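Okay, structure first, notes after.
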Amino acid sequence: MRYSQFLIPTLREDPAEAEVVSHRLMLRAGMIRKLAAGVYSTLPLGERVLQKTAQIVREEMNRAGALELTLPFVQPAEIWHESGRWNVYGKELMRLKDRHNREFCLGPTHEEVITDLVKGVVSSYKQLPVNLYQIHIKFRDEIRPRFGVMRAREFIMKDAYSFDVDNAGAEISYGKMYEAYSRIFERLGLTFRPVEADSGPIGGSFSHEFMVLADTGEDVIVTCSACDYAANTEKAEIKQEGTSEVNEGDFKELERVETPDMRTIEEVTGFLKVGSELLIKTLVFTTSDGPVVALVRGDHEINEIKLKNYLNCNELELAEEDVIESITGAPRGFAGPVGLEKVKIIADYGLQGGTNMVTGGNERDVHVINVNFNRDFTPDTFADIRLADEGDPCPRCGKPLTTTRGIEVGHIFKLGTKYSKSMGATYLDADGKAREMVMGCYGIGVGRTVAAAIEQSHDENGIIFPAPIAPFSVLVVLVNPTDEGQAKIAEEIYDGLMQDGVDVLLDDRDERPGIKFKDADLVGIPIRVTVGKNAVKDNKIDVKRRKTGEVQEIPVENAAAAIKDIIVS
Ligand SMILES: [Zn+2]
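With the first letter of the sequence shown counted as 1, position 285 gets the number 282 in our numbering; the numbers rise by one all the way through.
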């Protein structure tokens, strides 16, 4: 491919809309352009990267025995009513009506479509197991689309669905996908880690996320140094430690104290001169089943996903000011469990055993001190509802956990019979008896994987593509296209590489060398070959590796073959 005939609209300046590295570099390198919030066009350079990534995914899915197909993007409401998700999926499901006023949605995921398809075409145990996948568009109406293709509303995903005769079979299918995913991310040239994860709205009993490790990652993962436990903090269990036993002889007298305008943990603990571990943080949530109060220690953070799972509700969010006032009688910052009635109170395990604690007084500018469980208030229950953090004990072995940041690029789930039951996907077993198929589902965000690769691998000058997904393997920079000697050498190298089947881009543009070199670094092609004055004068060309910056001088003669050797080395 010739640069002069290719479309790579690079940008000199950082785009103002970009909040994260991958977004900034994908815009600057001319890989993507925004059409609307969370909706992007993929330009030819980006498309090459996307296709290479998709191809590796496809090859490994095929190797694992999965079969590719294409499912409709626009889905009728009926199948979502059948599965029971039409009313519980929430606002991420983009709903629309056709000219006959029939309801549809844009597919955010395809469990309903695939289950509907399979129940129509599979009737016997002899046709199972089967694993079907597609690499196609999804749409999720994210409340806050951001970070470019990292958290877009429309995106390309590989989604696969397995159907087995029983749980044992489903375990095998799950294991095959776990292996396939490990090979995929390995082949993509990424540093990654599979971790235990929350199942979220897809449902199901058990799941793993595949995380690309990057300091800029949105997700925090905890890993154990002693055993192989690794989990998303959304999911990470916390070993219940300590005891709920307290010595009532230590209880001091409950007291109300004035805390004018002090709402934050820092303000309150600083003013009262107590450690934040003595504070009871009181959070009011509104849920689909009414308001709930959650309590965590001042030095801990609430984990809304664990709380939501514990409550088993569909929607859960921090309450607005008016709800807080109606429940506590005080503005935000002064809520506390003492005297709160008619609302469910859930306390984190971390609060057990605490004595003489501090919390809001349910009155503006007032806190209460020397608060003790059972004497002053009793929560409805204790539960594990906080975020795991560095140093927390591993739920498996008790050794301290460490935290790392990552980007979720793949997610595999055991679904069980959730969909086959609700949608009636049964098969006849050897005895002619109807049984529900046991399902699994397996996703990879293909566009997101590209962004994650960039988050993991870049420098101040631009992208450093892992070789397997680079848009081209080699960039030949013809420094001065008007110099016939240089042009001849560059063309020969270009032709030689093309004949050898190497993906090569020849920068034959009539641009200043500085611009060509800047673009080369920005676009991040692994090998840059420079054909300049030395090529003509000394019969020498430079071969530079984008990743290390290492430059190698090679002779013009048989350059294409030498470059090919460098690519594979
Ligand atoms: Zn451990």
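Backbone N, C-alpha and C define an ideal beta-carbon position, used for all residues, glycine too. Source: prediction; values computed, not measured.
Whole angstroms are fine: how far does the CA of Glu151 sit from the CA of Ala34? Counting from 1 along the sequence shown, the entry for residue 34 is found at position 37. Counting from 1 along the sequence shown, the entry for residue 151 is found at position 154. Those two C-alpha atoms are separated by around 10 Å.
Would you tell me roughly how many angstroms separate the C-alpha atoms of Cys438 and Glu252, rounded to the nearest one? Counted from its first residue, the sequence shown places residue 438 at position 441. Counted from its first residue, the sequence shown places residue 252 at position 255. Rounded to whole angstroms, Cys438 to Glu252 spans 55 Å at the Cα level.
As assigned by DSSP and simplified to three states, the class of Thr569: No answer is possible for residue 569: it lies beyond the span of the chain, which begins at -2 and ends at 566.
Let me make sure I understand the geometry here. Which of Lys49, Lys249, Val435, Pro41 has the alpha-carbon closest to that of Asn369? Within the sequence shown, residue 369 is the residue found at index 372, counting from 1. Comparing alpha carbon positions, the residue from Lys49, Lys249, Val435, Pro41 closest to Asn369 is Lys249.
Return the CA-CA distance between Lys430 and Leu412, expressed in angstroms with no decimal places. As a first step, residue 430 is located in the sequence shown; it is residue number 433 there, counting from the start. As a first step, residue 412 is located in the sequence shown; it is residue number 415 there, counting from the start. Looking at the backbone, the Cα of Lys430 and that of Leu412 are separated by about 22 Å.
Would you list the residues sitting across from Ala431 in a DSSP beta bridge? Numbered from 1 along the sequence shown, position 434 holds the residue referred to as residue 431. Checking the DSSP bridge columns, you'll see Ala431 partnered with Leu425.
Residue(s) in a DSSP beta bridge with Met208: Residue numbering aside, residue 208 sits at position 211 when the sequence shown is read from its first letter. According to DSSP, Met208 shares a beta bridge with Arg190, Glu405.
When you measure from the CB of Lys236 to every non-hydrogen atom of ligand 1, does any distance come out below 7 Å? For this step, residue 236 is matched to residue 239 along the sequence shown. The answer is no for Lys236.
Arg190 Cβ short of 7 Å to ligand 1 heavy atom set: Taking the sequence shown and counting its residues from 1, one reaches residue 190 at position 193. Not under cutoff, so the answer is no.
CB contact check: Cys102 to chain B, cutoff 8 Å: Absence of chain B from the displayed structure is noted, only one protein chain being present.
Measure the Cβ-Cβ separation of Asn229 and Ala177 and say whether it is below 8 Å. Translated into positions along the sequence shown, residue 229 becomes position 232. Translated into positions along the sequence shown, residue 177 becomes position 180. Cβ distance not < 8 Å, so Asn229 and Ala177 don't count as in contact.
Rounded C-alpha distance that separates Trp77 from Leu24: Within the sequence shown, residue 77 is the residue found at index 80, counting from 1. Within the sequence shown, residue 24 is the residue found at index 27, counting from 1. When only Cα atoms are considered, Trp77 and Leu24 end up about 36 Å apart.
By alpha-carbon positions, which one of Arg361, Val443, Leu348 ends up nearest to Ile134? For the purposes of this step, residue 134 is identified with residue 137 of the sequence shown, where counting begins at 1. Measuring from the Cα of Ile134, the nearest candidate turns out to be Val443.
Would you call Ala427 buried or exposed, if buried means 16 or more other Cβ atoms sit within 10 Å of its Cβ? Position 430 of the sequence shown, counted from the first residue, corresponds to residue 427. When all chains shown are included, Ala427 counts as exposed.
Using a Cβ-Cβ cut-off of 7 Å (strictly less than) and excluding sequence neighbours within five positions of Pro552, which residues of its own chain qualify? Residue mapping note: residue 552 aligns to position 555 of the sequence shown, counting from 1. Here the set comprises Asn536, Lys537.
Ignore the nearest five residues each way along the sequence and tell me which others in Ser417's own chain have a CB closer than 8 Å to its CB. For this step, residue 417 is matched to residue 420 along the sequence shown. Here Ser417 has Thr112, Lys116, Phe160, Thr423, Glu433, Met434, Val435, Met436 as same chain residues with Cβ atoms under 8 Å from its own Cβ, once five neighbours each way along the sequence are excluded.
I need the boundaries of the alpha helix (DSSP H) containing Phe160, first residue and last residue. Taking the first residue of the sequence shown as position 1, residue 160 is located at position 163. Counting along the chain, Phe160 falls outside any alpha helix (DSSP H), though it belongs to the beta strand (DSSP E) covering 151 to 161.
Are there any heavy atoms of ligand 1 lying less than 7 Å away from the beta-carbon of Lys232, as far as the coordinates show? To locate residue 232, count along the sequence shown from 1; it is residue 235. Lys232: no, Cβ never under 7 Å from ligand 1.
Which of the three DSSP states, helix, strand or coil, is assigned to Thr266? What you label residue 266 is simply residue 269 of the sequence shown in a count that begins at 1. DSSP places Thr266 in helix when its eight states are reduced to three.
With three or more C-beta pairs closer than 8 Å as the rule, is the segment 395 to 412 touching the segment 122 to 131? Contact fails: fewer than three Cβ-Cβ distances are below 8 Å.
Residue from Glu274, Arg509, Ala316, Arg190 with nearest C-alpha to Gly287: Translated into positions along the sequence shown, residue 287 becomes position 290. With distances taken between Cα atoms, Gly287 lies closest to Ala316.
Hey, how far is the Cα of Ser170 from the Cα of Gly421? Here residue 170 corresponds to residue number 173 of the sequence shown, with the count starting at 1. Here residue 421 corresponds to residue number 424 of the sequence shown, with the count starting at 1. Distance between the alpha carbons of Ser170 and Gly421 is about 21 Å.
At least 3 beta-carbon pairs within less than 8 Å: the segment 374 to 385 vs the segment 331 to 349: Yes, since at least three Cβ pairs between the segment 374 to 385 and the segment 331 to 349 fall closer than 8 Å, the two stretches touch.
In chain order, what residues of the same chain lie with their CB nearer than 7 Å to the CB of Ser38, ignoring the 5 residues before and after it? On the sequence shown, residue 38 is found 41 positions in, with the first residue counted as 1. Hits under 7 Å: Ile29, Arg30, Leu32.
Enumerate, from N- to C-terminal direction, the unbroken beta strand (DSSP E) stretches of 3 or more residues contained entirely within the segment 496 to 524. Taking only runs of at least 3 residues, the beta strand (DSSP E) segments lying wholly in the segment 496 to 524 are 501 to 504.
Have a look at the DSSP bridge pairing and note the partners of Leu304. For the purposes of this step, residue 304 is taken as residue 307 along the sequence shown, with counting starting at 1. DSSP, once it has assigned bridges, lists no residue as partnering Leu304.
What is the C-beta distance between Ile409 and Leu22, in whole angstroms, given that I count them as a contact (C-beta under 8 Å)? Here residue 409 corresponds to residue number 412 of the sequence shown, with the count starting at 1. Here residue 22 corresponds to residue number 25 of the sequence shown, with the count starting at 1. In this structure Ile409 is not in contact with Leu22, their Cβ atoms being roughly 29 Å apart against a cut-off of 8 Å.
Determine whether the beta carbon atoms of Met58 and Tyr130 lie at a separation below 8 Å. Your numbering for residue 58 matches position 61 in the sequence shown. Your numbering for residue 130 matches position 133 in the sequence shown. Against a cut-off of 8 Å, the Cβ pair of Tyr130 and Met58 comes out as a contact.
Distance check for Gly388 and Val281, CA to CA, integer angstroms please. Counting from one through the sequence shown, the residue named residue 281 turns up at place 284. Counting from one through the sequence shown, the residue named residue 388 turns up at place 391. Each residue's CA atom was taken as its position, placing Val281 and Gly388 some 28 Å apart.
Does the distance from the CB of Pro463 to the CB of Gly186 come in under 8 Å? Position 466 of the sequence shown, counted from the start, is the residue given in the question as residue 463. Position 189 of the sequence shown, counted from the start, is the residue given in the question as residue 186. Yes.
Is Arg223 a contact residue of ligand 1, with contact defined as CB to any heavy atom under 7 Å? Here residue 223 refers to the residue found at position 226 of the sequence shown. Arg is not the amino acid found at residue 223; the sequence shown has Ala there. For Ala223, the CB falls within less than 7 Å of some heavy atom of ligand 1.
Are Ala165 and Leu519 closer than 8 Å when you measure CB to CB? Counted from its first residue, the sequence shown places residue 165 at position 168. Counted from its first residue, the sequence shown places residue 519 at position 522. It is not a contact, given that the beta carbons lie outside the stated cut-off.
When the Cα atoms are used, what is the spatial distance from Ile441 to Met147? As a position in the sequence shown, residue 441 is number 444, starting the count at 1. As a position in the sequence shown, residue 147 is number 150, starting the count at 1. Ile441 and Met147: Cα-Cα distance of roughly 12 Å.
DSSP on Asn128, reduced to helix/strand/coil? Position 131 of the sequence shown, counting from 1, holds the residue named residue 128. Collapsing the DSSP output to three states places Asn128 in a strand.
How far does the alpha helix (DSSP H) with Ala449 in it reach, from first residue to last? Translated into positions along the sequence shown, residue 449 becomes position 452. From DSSP, the alpha helix (DSSP H) with Ala449 extends over 443 to 453.
C-alpha distance - Gly403 paired with His205, whole-angstrom precision: Locating residue 403 in the sequence shown gives position 406, where the first residue counts as 1. Locating residue 205 in the sequence shown gives position 208, where the first residue counts as 1. Cα-Cα distance, rounded: 14 Å.
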